[in-house]
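Chemist: The numbers in this note's numbering rise by one with no breaks, and the one at position 17 of the sequence shown is 430. Each residue gets a CB set at the ideal place from its N, CA and C atoms; glycine is no exception. Since the model is a prediction, treat every value here as computed from it, not as a measurement. Just dropping this structure here.
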Amino acid sequence: FGSSASARIRSRNPCGSRLTALGMDLCAHGCTILSAAAVPLLVYFARLCSNKSPMIEIPEENKADAAVGCWIAAALYFLTFVVSYGYTRRKARMAPVARPETQMADLQPRE
C-alpha cells in the first residue's frame with residue numbers, strides 16, 4: 414500500500430523530490446525553533462514544581478510527579494533540538510556555494 418501510494422503522489426507532483434526536501438528543511442527549522450523555546454520553559458516549570466512553588470497551581474502531592482514529567486519532556490525536546498539543528502547544519506554544509514558568473518569591468522579609461 415505505502416510504495417504504490419507514494420509512487421502515485423510522486424507521479425502527480427511536478428516538483429519531484431524538491432518539494433519533499435523543502436518540506437523536510439522547513440520541518441527541521443520549525444522543530445529547531447520550537448525546541449529551543451520549549452527546553453528553557455520546561456526547565457523553569459520543572460524547577461517551580463521541584464521547589465513546590467505556589468506559582469504552579471496543582472495539588473502539592475502532584476508537584477513532584479509534574480517536575481519529573483517536565484524534566485523528561487525537556488530532555489526529549491533537547492534531543493529534538495540536537496537532531497533538527499544537526500540536520501540543518503549538515504544540509505547547509507552540503508549545499509553548493511553559488512558563485513556568480515560575471516566578468517570584471519574595465520575601470521581604466523581608454524585612450
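Just to check my reading of the structure: Y490 and L455 have Cβ atoms closer than 8 angstroms, yes? What is that Cβ distance to the nearest angstrom?
Modeler: Yes, Y490 and L455 are in contact; Cβ-Cβ is about 6 angstroms, under 8 angstroms.
Chemist: I'd like to know if the segment 477-486 and the segment 441-448 are in contact, where contact means that at least 3 CB-CB pairs between them fall below 8 angstroms.
Modeler: In short, these stretches do not touch, since the Cβ pair count stays below three.
Chemist: Looking at A487 and A505, is the spacing between their C-beta atoms short of 8 angstroms?
Modeler: Not a contact, by the Cβ cut-off of 8 angstroms.
Chemist: Closest by CA to C483, which one among L461, A434, S497?
Modeler: Minimum Cα distance to C483 is reached at L461.
Chemist: In chain order, what residues of the same chain lie with their CB nearer than 7 angstroms to the CB of V452, ignoring the 5 residues before and after it?
Modeler: Around V452: A487, Y490, F491, F494.
Chemist: Taking the continuous alpha helix (DSSP H) assigned at R503, which residues delimit it?
Modeler: Its alpha helix (DSSP H) spans residues 476-507.
Chemist: Excluding the five sequence neighbours on either side, which residues of its own chain have a C-beta within less than 6 angstroms of the C-beta of I469, listed in chain order?
Modeler: Contacts found: L461, C462.
Chemist: Taking the alpha-carbon positions, what's the Y498 to A441 distance?
Modeler: Straight-line Cα distance between these residues: approximately 7 angstroms.
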